[in-house]
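Participant:
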Amino acid sequence: MNKAQQQWQNISEKYTAFSIREKVMILSAGLVFFLFGGFTWFIEPTWQKWQQQQAELTNFEQKLTRLNSTSLKLQEQLKIDVNLPLKQQIEQLNQNIELVEGQIQKLKTELISAEQMTQVLESMLIKTSNLKIISLAAIPSESLLNNKAELTETIEPADKEKIVLYQHGIKLKLEGRYEDIYQFLKQVESLPWRFYWQNFDYSVETYPNGILTIEIISLSLTEEFIGL
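Heads up: the sequence shown begins at -1 in this note's numbering, then just goes up one per residue.
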């Protein structure tokens, strides 16, 4: 018998010597570790993706503001001194503006209104009969610019209203098996709109059922409150 086999036999003998209560505790601890690791693997990429998309949108908005400002200044100069190089520069700037606006528009197509968000989630929860809704509450809408002082300082008052995004959300508490909760989250993630997770908490109180508390966030161009 090699060393590895001897070690495995020693472990098996020790486990066999445990009482039933000790074996159940060991299995429960292993199950909790497995569930926690699975959710960490599922949530972390989504959170990183959300942060990256937030940074991209902010960068596009700042770039568009700078380009608009430069274009206006050049147009004022054009009224006084019209020349070909200046026209070419303005044309290039306008092309850049169109490019950035196109990128922003692409992101906007993935935004969802508060009313749509409510309808979509209600429809999904109705179809998921194996999950029990413990509580469902709306989170007050919030302007993303309120949390970005450095961006606010660089945008003129007239431009702020053009690009303001609002954050809407609901706080959802569900009870069900791990597999059913996992499938529900996969369905939410596969929707054509962008949803983000916040304050994710999963716990097992009565096996095999667990309780999931999560805040599902969406972005919108309107400040309307989610009606439940």
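Beta carbons are placed, not taken as given, at the ideal position from N, Cα and C, and that holds for glycine.
In this text the structure is predicted, and so the values were computed from the model without any measurement.
Given this structure, state the Cα-to-Cα distance separating residue 213 from residue 84, to the nearest angstrom.
Facilitator: 51 Å
Participant: Do residue 176 and residue 138 come within 9 Å of each other at the CB atom, strictly closer than that value?
Facilitator: no
Participant: Can you tell me where the beta strand (DSSP E) holding residue 110 begins and where it ends?
Facilitator: That residue, residue 110, is in no beta strand (DSSP E); it is neither H nor E in DSSP.
Participant: Assign residue 199 to buried or exposed, taking buried as 16 or more other Cβ atoms, counted over all protein chains shown, within 10 Å of its Cβ.
Facilitator: exposed
Participant: For residue 307, name the three-state secondary structure that DSSP assigns.
Facilitator: Lying outside -1 to 226, the shown extent of the chain, residue 307 is not represented and no answer is given.
Participant: Do you know offhand how far residue 101's Cα is from residue 203's?
Facilitator: 46 Å
Participant: Given residue 68, which residues of its chain have a CB within under 7 Å of its CB, disregarding the five upstream and five downstream residues?
Facilitator: 91
Participant: For the beta strand (DSSP E) that residue 164 lies in, which residues bound it at each end?
Facilitator: From DSSP, the beta strand (DSSP E) with residue 164 extends over 164 to 175.
Participant: Give every residue of the same chain whose Cβ lies closer than 8 Å to the Cβ of residue 167, excluding the five residues on either side of it in the sequence, and list them in chain order.
Facilitator: 136, 137, 196, 213, 214, 215, 216, 224
Participant: Going along the chain, which residues of its own chain have a beta-carbon closer than 8 Å to the beta-carbon of residue 73, five neighbours each way excluded?
Facilitator: 88
Participant: Looking only at its chain, what residues have a beta carbon closer than 8 Å to the beta carbon of residue 128, apart from the 5 residues adjacent to it on each side?
Facilitator: For residue 128, where only same-chain residues beyond five positions count, the Cβ hits under 8 Å are 174, 175, 178.
Participant: Kindly indicate which three-state DSSP category residue 219 falls into: helix, strand or coil?
Facilitator: coil
Participant: Just tell me which of 119, 169, 86, 61 has its CA closest to the CA of residue 187.
Facilitator: 119
Participant: When we look at the beta-carbon of residue 82 and count the other beta-carbons within 10 Å, is it buried (16 or more) or exposed?
Facilitator: exposed
Participant: In chain order, what residues of the same chain have a beta carbon less than 7 Å from the beta carbon of residue 141, not counting five sequence neighbours either side?
Facilitator: Within the same chain, and ignoring the five residues on either side of residue 141 in sequence, the residues whose Cβ sits closer than 7 Å to its Cβ are 162, 164.
Participant: So residue 133 is in the beta strand (DSSP E); what residue range does that whole segment cover?
Facilitator: Counting along the chain, the beta strand (DSSP E) containing residue 133 begins and ends at 130 to 141.
Participant: Which word fits residue 23, buried or exposed, when buried means at least 16 other C-beta atoms lie within 10 angstroms of its C-beta?
Facilitator: exposed
Participant: Suppose you measure from the CA of residue 125 to the CA of residue 99; what does that come to, to the nearest Å?
Facilitator: 38 Å
Participant: CB-CB under 6 Å to residue 61, same chain, minus the five flanking residues each way: which ones, in chain order?
Facilitator: 98
Participant: Going by Cα to Cα distance, which pick from 190, 201, 210 is closest to residue 114?
Facilitator: 190
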